[in-house]
Amino acid sequence: MSPQESFQFAPCPEAAQWVRTQIEQFLTQCGPARHLKERLLQETGTRLMDWVQRIGVPDSAEAMLPQLGFFPWGPGGPATRLFHHSQGLFPVVELGTPGIQLSLRVDSVAAFCERHTIAGPACDLGTLKKARVYTGSDGAELWVVQSARGRFYAADAEVELEPGALVLGSLEQRKRDHGVPEESFEHARALIQSAQARIGPLATSELFFAAERSYWERRNAAARLQKSRQDALGLGWGNHDHHTYRSSREHFASLIRTLELLGLRCRERFYAGTEAGWGAQVLAHPETGLMIFADVDLEPHEVSLDFAHDGLGTKQELGTVGLWCKLHGEAFLEAGMHHLEAQFDFEEACRQLHPSVGVMPPFTSFNYLKQCFTRAEMWTVSEERLQAALTHQWIQPHQAETFRINGAFGSHLEILERNEGYAGFNQTGISEIIARTDPRRGGAGGSSL
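If you want it as C-alpha cells, here you go:
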C-alpha cells in the first residue's frame with residue numbers, strides 16, 4: 000500500500016453524533032458550562048467542542064465504543080480505560096467516570112482559573128496540571144487540562160516535571176539565523192535534545208511549538224488579535240489544528256529530520272498535479288495530537304519518491320513556496336511559520352475577524368471541512384534578498400520595486416472548521432490558496448471577502 004493509500008480520510012458521522020450527544024447532555028446538566036459555551040462563540044468565534052480534549056463517560060458506554068471506531072489506547076490493551084478513534088479527529092474517551100465529564104485543553108490552567116475567578120491549583124510551565132472548574136447534576140464535571148504529557152495522561156495523574164520556564168525560554172530565544180541554514184538546523188536539534196533530556200520528549204514537543212507560535216504571533220497582526228481574544232478567557236492556543244512550514248527544496252530533508260526528532264511521524268503526502276508545482280508532507284504526533292504541514296516546490300516525477308527523507312535538489316525555476324523562502328528565509332528558521340490553522344465556528348470567526356484584519360475568500364466549503372486565510376501580513380524584504388532574486392531571475396524588476404515599497408506576502412492565520420471528525424485536508428483547495436498567496440500575484444493573495 001502506498002503512503003497515499005494509507006491515509007484516505009472520510010467523515011465519521013456516527014462517531015460525531017455520539018460525541019455531540021454526550022456534549023449536549025453534559026450542557027443540560029451544567030449551567031456554568033452553557034454560559035462558557037456562549038462566551039466562547041461570542042468572544043472568540045470558537046465552539047466548545049473545539050476545545051474538548053477528553054470526554055469521560057460511565058462504563059455503560061463501553062460496548063458501543065468499538066462500533067463507533069473508538070479502540071483502547073496504549074500498552075494496557077483492552078484493560079485500558081482510554082479509547083481513541085482510529086480514523087477521525089475526536090476527543091479521547093475515558094471510561095469509568097460517574098457522569099459525563101469534559102476536559103478542555105488550555106495553555107495554562109492557572110490563567111483559566113484566574114480569568115474565571117476559580118480557586119485552581121498553582122501552575123508552572125513544566126507541570127501537568129488540571130482543575131475541576133464547574134460541577135453540575137448527575138456527576139457532570141468540567142475540567143481544564145494543561146498537558147505536557149500528551150492526550151493520554153493517566154486520569155488521576157499529577158506528574159511533576161522540572162519547571163519548563165527555562166526550557167521554553169531557551170526555545171523562544173533560539174538563534175534562527177547562523178548564516179548557514181544547516182548550522183541553524185543543527186542548533187535547533189541540539190536545543191531539542193537538551194530539552195528532552197531535562198523534561199522528556201512529550202513536554203519538549205509541546206513547549207517547542209508553543210515557542211513557534213509565539214514567534215509567529217510577533218510577526219502577524221491577526222494572530223495577536225485572536226490570541227488576545229482567546230487569552231481574555233484564559234484559553235491560549237488550545238484549539239490549534241496544525242502548524243504550517245514552508246521550506247526550500249535543499250533544506251526540506253533537514254526540516255523533516257528535525258520534526259521527527261520532536262516525535263512527529265510522516266502521514267500522507269500531498270501533490271496537486273503538474274500545474275500546481277508544489278507538494279507537502281503531513282506529519283502528526285501520535286500522543287500530543289500535534290500536526291504539521293510541510294510545504295515545498297515539487298516536480299511531477301518526485302511525488303512517487305520519499306522526498307521527505309531522500310532530499311530534493313535545487314532548481315532554477317521557483318514556485319510559490321520556493322520564492323517565499325528566498326524572499327523571507329526558511330519558515331523553521333528566521334521567517335517563522337507561514338500560518339497556524341486553528342479550529343473555529345467558521346462563519347462566526349470570519350464575521351468577527353473580517354473588519355479588523357480582513358479575511359480572504361474560502362478555499363474549502365464542504366459541510367465537513369471549511370477553510371480560509373486571514374489577509375496576508377506584509378513583510379519587509381531585505382535588499383540583499385531582492386538583489387539575489389533579481390540576479391537569479393526569480394522576479395522581475397517591477398516586482399522587486401513593488402516588494403521594496405509594499406513588502407511581500409508573509410504569514411496568515413487560517414480559520415478552519417472541522418465536522419464529523421474529518422481528519423484530512425482538501426488537496427485541490429490548498430493548491431488554489433497556495434497559488435493565490437504567490438508574492439508575484441500582487442494584491443490577489445491579500446484580497447478580502
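Numbered per numbering that gives the first Met the number 0, the sequence shown spans residues 0 to 448.
Note that CB positions come from ideal geometry on N, CA and C, so glycine has one too.
Alpha carbon of E171 to alpha carbon of R217, nearest angstrom: 12 Å
Can you tell me which of the three DSSP states W142 falls into? strand
Quick one: Cα of L165 to Cα of K174, how far? Taking the straight line joining both Cα atoms gives about 16 Å.
Can you list, in chain order, the residues of its chain whose CB lies under 8 Å from that of Q3, leaving out five sequence neighbours each side? With a pLDDT of 47 at Q3, under the threshold of 50, the modelled position of that residue is not reliable, and the figure given next carries that caveat. Around Q3: E267, R268.
So, are the CB atoms of D437 and G278 less than 9 Å apart? no
Looking at the secondary structure, which residues open and close the alpha helix (DSSP H) in which V166 lies? 164 to 171
How is Q21 classed by DSSP in three states: helix, strand or coil? helix
Inter-stretch contact (C-beta, 8 Å, three-pair minimum) for the stretch 398 to 413 and the stretch 216 to 234: yes
What is the rounded straight-line gap between the Cα of V356 and the Cα of W323? 21 Å
Among the candidates G163, A293, F372, whose CA atom is the shortest distance from the CA of T243? A293
Going by DSSP in three states, S364 sits in which element: helix, strand or coil? strand
Neighbourhood of F111 by C-beta distance below 6 Å, restricted to the same chain and skipping five residues each side: V105, V143, G233
Thinking C-beta only, is A14 closer than 9 Å to G68? yes
Using a 10 Å radius around the Cβ and a threshold of 16 neighbouring Cβ atoms, would you call I452 buried or exposed? Coverage of the chain is limited to positions 0 through 448, which leaves residue 452 absent and any answer about it impossible.
For T43, count neighbouring Cβ atoms within 10 angstroms of its own Cβ and tell me buried if that reaches 16, exposed if not. buried
Going along the chain, which unbroken runs of the beta strand (DSSP E) with 3 or more residues stay wholly within the stretch 29 to 96? 51 to 56, 69 to 71, 81 to 84, 91 to 94
Are I291 and H241 touching if we call contact CB-CB under 9 Å? Taking 9 Å as the Cβ cut-off, I291 and H241 qualify as a contacting pair.
N-terminal and C-terminal residue of the alpha helix (DSSP H) that H449 is part of: Because the chain spans 0 through 448 in this model, residue 449 falls outside it and cannot be assessed.
Along the alpha helix (DSSP H) that carries H327, what are the first and last residues, could you check? According to the DSSP assignment, H327 belongs to the alpha helix (DSSP H) that extends over 319 to 327.
Is it buried or exposed, Q342, if we count other Cβ atoms within 10 angstroms and call 16 or more buried? buried
From this set, H83, V18, V179, which residue's C-alpha is nearest G328's C-alpha? V179
As a quick exercise: from D296, A139, M63, pick the residue whose alpha carbon is nearest that of E23. A139
Proximity to G406 [Cα-Cα], best of M377, G423, G335: Per the Cα distances, M377.
On the DSSP letters alone, give me the boundaries of the alpha helix (DSSP H) that V132 sits inside. Premise fails: V132 lies in the beta strand (DSSP E), 128 to 134, not in any alpha helix (DSSP H).
Are any of the Cβ atoms in chain C nearer than 9 Å to that of T319? In summary, chain C is missing from the structure at hand, where a single protein chain is found.
Measuring only the C-alpha atoms, how far is A330 from E301? 22 Å
Contacts around E157, its chain only, beta-carbon distance under 6 Å, and the 5 residues preceding and following it disregarded: Bear in mind that the predicted position of E157 carries a pLDDT of just 46, short of 50, making it unreliable; the figure below should be weighed with that in mind. So the list is empty, once near-sequence residues are dropped.
DSSP bridge partner residues for D497 (one or two, in chain order): The question about residue 497 has no answer, for the chain in this structure spans 0 to 448.
Kindly indicate which residue of Q386, Q86, H284 has the alpha-carbon position closest to the one of E419. Nearest option by C-alpha distance: Q86.
In three-state terms, what does DSSP make of C112? Residue state, collapsed to three classes: helix.
How many Å lie between D155 and T379 at the Cα? Because the pLDDT of D155 is 45, which lies under 50, any placement of that residue in the model is unreliable, and the question is left without a value.
To the nearest angstrom, report how far apart P10 and Y367 are at their CA atoms. 7 Å
Could you have a look at W378 and say whether DSSP puts it in helix, strand or coil? Residue state, collapsed to three classes: strand.
Skipping 5 residues on each side, what residues in its chain have a beta carbon closer than 7 Å to that of C122? Reliability of the predicted coordinates at C122 is poor, the pLDDT of 49 falling under 50, and no value is obtained from them.
Proximal residues to E382 (C-beta, below 7 Å), its chain only, five neighbours per side dropped: none
Rounded C-alpha distance that separates S253 from T116: 46 Å
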